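Student:
Protein chains: 2
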Amino acid sequence: MTTEQTGASTQLLRRMNTEKVLKFALHTGVFNASDVIESTGLTRSTAIGLCDLLSELGWITRLDDARAAGEYSKGRPARRFELRASSGFVIGVDAGEHSATVEVADLRGRVLGRVRRSFGEARRDAVVRVSVMTAAIETALAETAVPRASVLVTVFGVPAPTDETGHSPSGEGGFWGQMNPDLVDAFAGYGRVIVENDANLAAVAEQAVGAGRGIRSFAALLSGERFGAGLIIDDTLLRGHHGGAGEMRVLGLVEGVGSADGLAALARELAQSARRSATLPASSPLALLAPDEVTAEAVLAAAATGDLASREILGLLGDRLARVCLVLASILDIERVIVGGAIAVAAGPVIARALAVLEQNPSLPVPEIVASPLGADAVVLGAIQRGLAMVRSSPLGFVPAPEAVAAAPPAA
Amino acid sequence: MTTEQTGASTQLLRRMNTEKVLKFALHTGVFNASDVIESTGLTRSTAIGLCDLLSELGWITRLDDARAAGEYSKGRPARRFELRASSGFVIGVDAGEHSATVEVADLRGRVLGRVRRSFGEARRDAVVRVSVMTAAIETALAETAVPRASVLVTVFGVPAPTDETGHSPSGEGGFWGQMNPDLVDAFAGYGRVIVENDANLAAVAEQAVGAGRGIRSFAALLSGERFGAGLIIDDTLLRGHHGGAGEMRVLGLVEGVGSADGLAALARELAQSARRSATLPASSPLALLAPDEVTAEAVLAAAATGDLASREILGLLGDRLARVCLVLASILDIERVIVGGAIAVAAGPVIARALAVLEQNPSLPVPEIVASPLGADAVVLGAIQRGLAMVRSSPLGFVPAPEAVAAAPPAA
DNA sequence: GGATCTAAATTTAGGCGCTAGATTATTCTC
DNA sequence: GAGAATAATCTAGCGCCTAAATTTAGATCC
């Protein structure tokens, strides 16, 4: 019925405006035509036309309860629309070294389901990793009744640097390749696949829903076994040549740091060294631990009870953290360092100590240091947020899930 | 005669296409209608219409020698256009601590004139700095016969961090404020004014016309009296919270570096220390220098003649450079470090030494290290490039200089 | 319960900017 | 000078949007 190709260029305008409205819908959820007019500056006729179009495409649904609950208004009732959250889903995967955590979220960002699987002994085997994660994803999809065809994006967080295409450089004794055995190709069929460094995703999570909101330049510091950072500078995630920005292997060169070990590793090491020392009183909680109970958590707990040896260790941890923060703040002029990873929950005293150290030397820039509010979920959350951002950045590049289109009343 | 406001939105399309063509013109210089068609994908009618519009606006000129020199072609001769380079000019200023260098360039990026002025003794006085630079700019404009009204952008490079608005934080004992006494306001009247950190501009210059072309992540390292870097990561210049990204005051903490002193300062220091040492043979060129001749250049020159003490110093310089590069490459995963500043020309042996050191430790990422090809002009060049980039990024935001519009034949 | 008010939807007319296709103009080649 | 090649010009016509007048649907007032 319509003409063939006429107006290819003016249709660009149409596309732009459609996208504008769709983006508005994606971050607003429920709205009416007047909201669209206000946000886009378009005429009412146009705005309504675009809403109808998005309805037909399956992105939004028309609500018939014209005057919604509570929102009093006089005058003729407005057309009301709602983002059809089920028109697409995003999968986030924290593909850690030992286990994978999968979450499924709808377009509103609501997390619908979560599955966690351990890789077991064969965790470095590519086939095992892929099949365990496939099973986890399929389980999550089944539990949430999300058809695979409705998955728009799947995002993996891996403990390895990645480039823009999602591939990791060879290096670190093959570890990186093992952690990221070309996941982009292995998971074709689950929408667009993004593979990203885990610290980077943690930073994305902090930016979107954590302690990085409203902060333009910060580092999300993973500080468990090794230091590693996701860097967001001027609102932009840094990648670097091989995707290795934020790797902190150079810490071995920094005075008073001496190695790239993270806080948890360092705590263990110091505790063990204290246990071997003659000066540790036999009454210290540290001395009473079984060998495999010598963990960072145990040290922090002991310090909280007032144990002197543990408090000393805590001080050393704080010193090291301070120096790491100083390096980042000095070179990148960061406003805040967000300490995440397993140790974050209990890291309050360590952070306090680090801040005290920093304030002693006012000639250098002092960043804020805070514990991540996101806990162990930062990477999965970041994966979800990254996927949502991908959709939101150019939604018309995706085809909404068809399912409910037939069920929706024909617009017009 | 024309209607008032009708079609505000479709006129957006017009604006977009106009900008597209103008951008093409800005980076092409001379072109004909078919080139526009090819580059924009628009129809011939539209392309020609837009070229006529840009002609009327004063951005481009129609060339009447239809078939230009050499370019053989059959068929009806094409409309030929040329960017009117004089429809706007850009001023770049290297506002260094001791002197200012001003360059004026046209829209094609051709540098038309250059003026250099010393600030003299009162170089920290805001009034002096502003008036010296005003005089220098006016001289440069007069020499190049560029009317002030034709200046679209003026860019200053200052030895201080700057935020997006061009203001510097207070700090460094007031030095930053002295170097950048609100230049943005002081030079209103010279087009849009941009004030940017000098190392950042050096990086911009390297990216546009130097050793950073085609490299997505690199550092432009100024290594004279103090280390400081302009950081371009993933094609983007880093600023940080206060504009202090690339400041390297933390170097004092790095093992084997110990201070933030740059290579030139360190060379002097080491040479002086050697002269005080008993082991320096009286025949060494270093021993023969007058006290105020003990400079980095002298040390490098002596090393080139084979002087052992100087070669030793050179080795130490190389070590330090290596460590600085390592810090940058490790944290930011940069591909290349471009060594600039006064020492760059003679720094070949130091760089070679640094590379040798780096290759001894293959566990850490090894960046390339090269000397800047831009010499002492990097900052002014970067200022010009930054100004051109500003114009090119949204040219329609500028009003082209009117002068020649009357002289141009009416298009149509 | 009808008059009134209000905010929004709907309708109508028209213009801008683009494309497509036919026609015309200019040059080179042989 | 015919033919080929290339590009400008002319002519319709359509898609998308705006602007303004008109209608509609509910709330409120009396």
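If you read the protein sequences in the order shown, they are chains E and X. For the first sequence, my numbering begins at 296 and goes up steadily by one. For the second sequence, my numbering begins at 296 and goes up steadily by one. Think of the CB as a built atom: it goes at the ideal place given N, C-alpha and C, for glycine as much as any other residue. These numbers come from a predicted model, not from an experiment.
#1: What span of residues does the beta strand (DSSP E) with Thr449(E) cover, start to end?
#2: Would Pro690(X) pass as an interface residue toward chain E - the criterion being a Cβ-Cβ separation below 8 Å?
#3: Measuring straight from C-alpha to C-alpha, what distance separates Val325(E) and Leu317(E)?
#4: Within the 8 Å Cβ cut-off, does His462(X) reach chain E?
#5: Run through chain X and tell me which residues come within less than 7 Å of His537(E), C-beta to C-beta.
#6: In whole angstroms, what separates the C-alpha of Gly383(X) from that of Ala455(E)?
#7: Mapping the DSSP letters down to three states, classify Gly387(X) as helix, strand or coil.
#8: Assess, as a yes-or-no matter, whether the region 484 to 496 of chain E is touched by the region 669 to 686 of chain E under the definition of 3 or more beta carbon pairs within less than 8 Å.
#9: I need the boundaries of the beta strand (DSSP E) containing Glu520(E), first residue and last residue.
#10: Should the region 444 to 458 of chain E be regarded as contacting the region 407 to 424 of chain E, the criterion being three or more beta carbon pairs within less than 8 Å?
#11: Tell me whether Glu501(E), by its Cβ, gets closer than 7 Å to a heavy atom of the ligand MG.
#12: Since Val634(X) contacts Leu609(X) with CB under 8 Å, what's their CB separation in whole angstroms?
#13: At a Cβ cut of 9 Å, what residues of the region 651 to 666 of chain E count as close to chain X, listed as they run along the chain?
#14: What would DSSP say about Asn656(X), mapped onto helix, strand or coil?
#15: Taking the C-alpha atoms as reference points, what is the distance between Leu526(E) and Ile528(X)?
#16: Quick check: the Cα distance between Leu337(E) and His322(E), rounded to an integer number of angstroms?
#17: Can you list the residues of chain E that Ala540(X) reaches, using a CB-CB cut of under 9 Å?
#18: Identify the continuous alpha helix (DSSP H) that holds Phe725(E) and give its terminal residues.
#19: When you compare only the Cα positions, how much space is there between Gly538(X) and Ala684(E)?
#20: Who does Arg357(X) pair with in a DSSP beta bridge?
#21: Check this for me: beta carbons of Gly387(X) and Gly682(X), under 8 Å apart or not?
#22: Give a yes or no on whether the minimum CB-CB distance between Thr313(X) and chain E is below 8 Å.
#23: How many angstroms separate the CA atom of Ser578(E) from the CA atom of Ala604(E)?
#24: Pick helix, strand or coil for Ala707(X), following the three-state DSSP scheme.
#25: If you drop the 5 nearest sequence neighbours on each side, which residues of the same chain put their C-beta closer than 8 Å to that of Ala701(E)?
#26: Give me, in chain order, the residues of the same chain whose beta-carbon lies closer than 6 Å to that of Asp530(X); leave out the 5 immediate sequence neighbours on both sides.
#27: Assuming Val397(E) and Val441(E) are in contact, meaning their beta carbons sit under 8 Å apart, how far apart are those beta carbons, in whole angstroms?
#28: Apart from the five residues just before and just after Leu623(X), which ones in its own chain have a Cβ nearer than 6 Å to its Cβ?
#29: Taking only beta-carbon atoms, is Met721(E) less than 8 Å away from chain X?
#30: Check the Cβ-Cβ distances between Thr305(X) and every residue of chain E, and say whether any is below 8 Å.
#31: Mapping the DSSP letters down to three states, classify Ser340(E) as helix, strand or coil.
#32: Using a C-beta to C-beta distance shorter than 7 Å, which residues of chain E count as neighbours of Arg534(X)?
#33: Who are the neighbours of Leu337(X) on chain E, taking C-beta pairs under 8 Å?
#34: Check the Cβ of Leu308(X) against every Cβ in chain E and list those closer than 9 Å, keeping chain order.
#35: Please check the pair Val479(E) and Thr460(E), which I expect to be a contact at CB under 8 Å, by giving their CB distance rounded to whole angstroms.
#36: How should His536(X) be labelled, buried or exposed, when 16 other C-beta atoms within 10 angstroms of its C-beta is the threshold for buried?
Tutor: According to the structure shown:
#1: Locating residue 449(E) in the first sequence gives position 154, where the first residue counts as 1. 446 to 453 is the extent of the beta strand (DSSP E) around Thr449(E).
#2: Reading the second sequence from its first residue, position 395 is the one you call residue 690(X). Not closer than 8 Å to any Cβ of chain E, the Cβ of Pro690(X) fails to qualify, so no.
#3: Start at 1 with the first residue of the first sequence, and residue 325(E) comes out as number 30. Start at 1 with the first residue of the first sequence, and residue 317(E) comes out as number 22. Cα-Cα distance, rounded: 12 Å.
#4: Taking the second sequence and counting its residues from 1, one reaches residue 462(X) at position 167. Cβ-Cβ to chain E under 8 Å: no for His462(X).
#5: Taking the first residue of the first sequence as 1, we reach residue 537(E) at position 242. What His537(E) touches in chain X: Asp628.
#6: By one-based count along the second sequence, residue 383(X) stands at place 88. By one-based count along the first sequence, residue 455(E) stands at place 160. Rounded to whole angstroms, Gly383(X) to Ala455(E) spans 48 Å at the Cα level.
#7: Your numbering for residue 387(X) matches position 92 in the second sequence. In this structure, DSSP gives Gly387(X) an extended state, which the three-state scheme calls strand.
#8: Yes, the region 669 to 686 of chain E touches the region 484 to 496 of chain E.
#9: Taking the first residue of the first sequence as position 1, residue 520(E) is located at position 225. Counting along the chain, Glu520(E) falls outside any beta strand (DSSP E), and DSSP gives it neither H nor E.
#10: Not touching, per the Cβ criterion.
#11: For the structure depicted, the ligand MG is absent and the ligand set is empty, with no information on it obtainable.
#12: Numbered from 1 along the second sequence, position 339 holds the residue referred to as residue 634(X). Numbered from 1 along the second sequence, position 314 holds the residue referred to as residue 609(X). With a beta-carbon spacing of about 14 Å, Val634(X) and Leu609(X) fall beyond the 8 Å limit used to define contacts.
#13: For the region 651 to 666 of chain E, which is checked against every Cβ of chain X, the residues closer than 9 Å are Ser658, Leu659, Pro660, Pro662.
#14: Counting from one through the second sequence, the residue named residue 656(X) turns up at place 361. DSSP places Asn656(X) in coil when its eight states are reduced to three.
#15: Taking the first residue of the first sequence as 1, we reach residue 526(E) at position 231. Taking the first residue of the second sequence as 1, we reach residue 528(X) at position 233. Between Leu526(E) and Ile528(X), the C-alpha separation is close to 11 Å.
#16: If you number the first sequence from 1, residue 337(E) lands on position 42. If you number the first sequence from 1, residue 322(E) lands on position 27. Taking the straight line joining both Cα atoms gives about 18 Å.
#17: In the second sequence, the residue the question calls residue 540(X) occupies position 245. Within chain E, the residues near Ala540(X) are Ser512, Ile528, Asp529, Ile626, Leu627, Asp628, Ile629.
#18: Outside the modelled stretch of chain E, which goes from 296 to 707, sits residue 725(E), for which no answer is possible.
#19: Position 243 of the second sequence holds residue 538(X). Position 389 of the first sequence holds residue 684(E). Our two residues, Gly538(X) and Ala684(E), have alpha carbons roughly 27 Å apart in a direct line.
#20: Position 62 of the second sequence holds residue 357(X). DSSP lists Phe376(X) as partners of Arg357(X).
#21: Within the second sequence, the letter at position 92 stands for residue 387(X). Within the second sequence, the letter at position 387 stands for residue 682(X). Yes, these two residues count as a Cβ contact at 8 Å.
#22: By one-based count along the second sequence, residue 313(X) stands at place 18. So, not an interface residue.
#23: Here residue 578(E) corresponds to residue number 283 of the first sequence, with the count starting at 1. Here residue 604(E) corresponds to residue number 309 of the first sequence, with the count starting at 1. Going by the C-alpha atoms only, they are around 11 Å apart.
#24: Within the second sequence, residue 707(X) is the residue found at index 412, counting from 1. For Ala707(X), the predicted structure reports a pLDDT of 33, less than 50, and the residue's modelled location is therefore unreliable. The matter cannot be settled from this model.
#25: Residue numbering aside, residue 701(E) sits at position 406 when the first sequence is read from its first letter. Because Ala701(E) sits at a pLDDT of 45, beneath the cut-off of 50, its placement in the model cannot be relied upon, and the following sentence gives the value as read from the coordinates. Result list for Ala701(E): empty, nothing under 8 Å.
#26: Start at 1 with the first residue of the second sequence, and residue 530(X) comes out as number 235. Closer than 6 Å at Cβ, skipping near neighbours: Arg511.
#27: Numbered from its first residue, the first sequence carries residue 397(E) at position 102. Numbered from its first residue, the first sequence carries residue 441(E) at position 146. Actually they do not touch by this definition, with Cβ atoms about 12 Å apart.
#28: Stepping through the second sequence from its first residue, residue 623(X) is reached at position 328. Spatial neighbours of Leu623(X) in its own chain (CB-CB distance under 6 Å, excluding positions within 5 residues in sequence) are listed in chain order as Ala514, Ile629.
#29: Residue 721(E) cannot be examined here, being either before or after the span of chain E that is shown, 296 to 707.
#30: In the second sequence, counting from the first residue as 1, residue 305(X) sits at position 10. Closer than 8 Å to some Cβ of chain E, the Cβ of Thr305(X) qualifies, so yes.
#31: Position 45 of the first sequence holds residue 340(E). Three-state result, Ser340(E): helix.
#32: The residue labelled residue 534(X) in the question sits at position 239 within the second sequence. Residues of chain E passing the Cβ test: Asp529.
#33: Counting from 1 along the second sequence, the entry for residue 337(X) is found at position 42. Those within 8 Å of Leu337(X) in chain E are Ser304.
#34: Indexing the second sequence from 1 puts residue 308(X) at position 13. In chain order: Ser304, Thr305, Leu307, Leu308, Met311.
#35: Translated into the one-based positions of the first sequence, residue 479(E) becomes position 184. Translated into the one-based positions of the first sequence, residue 460(E) becomes position 165. The C-beta distance from Val479(E) to Thr460(E) rounds to 7 Å, short enough to meet the 8 Å contact threshold.
#36: Translated into the one-based positions of the second sequence, residue 536(X) becomes position 241. Residue burial is scored here from C-beta neighbours: His536(X) has at least 16 other C-beta atoms within 10 angstroms and is therefore classed as buried.
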